[in-house]
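Just so we're aligned: the sequence shown equals residues 44 to 128 in the numbering used here.
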Amino acid sequence: MALTGLIAASEPARDGGGLRATLPLAGDTLIEYQARQLAGAGADHLIVLAERIPAALAGAIDRLRRLGLAVDIARTGADAAGGGR
44 MALTGLIAAS
54 EPARDGGGLR
64 ATLPLAGDTL
74 IEYQARQLAG
84 AGADHLIVLA
94 ERIPAALAGA
104 IDRLRRLGLA
114 VDIARTGADA
124 AGGGR
C-alpha cells in the first residue's frame, strides 16, 4: 500500500529571511527532517505545498529526490488534492 505525506512549506520564517521549512534542524532543513520522519513511517511519496519555491527549498527537494523519495510540488490545496505535479 502506497502512502503519501503532505508538508506545507509556505510559512515564512520569523526573521523574514526565507521559509520556515528551510530552517536548519538536526543537520538538515526542517522539511528534510519532516520528510525523513514520513518516510520512516512508510510514506514513499511526498507532496510539498508551497506557493513559491526559493532556492533553499528547491535544493532541499532535490536532496530528498536523490534519496529516492518521490516528491511533487503543489501550489494550491486543490493541486495537493490532485497529487501535485
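Don't be surprised by glycine CBs; every beta carbon is placed ideally from N, CA and C.
In the DSSP annotation of this structure, the continuous segment of the beta strand (DSSP E) that includes A51 starts and ends at T47 to A51. Separation of the CB atoms of A78 and L89 is rounded to 5 Å, and the pair is thereby assigned contact status at 8 Å. The beta carbon of A82 sits closer than 7 Å to the beta carbons of L112 from its chain, once the five residues preceding and following it are set aside; these are given in chain order.
A straight-line Cα-Cα distance of about 18 Å links A64 and R109. With a cutoff of 9 Å on beta-carbon distance, A93 and R118 are scored as near each other.
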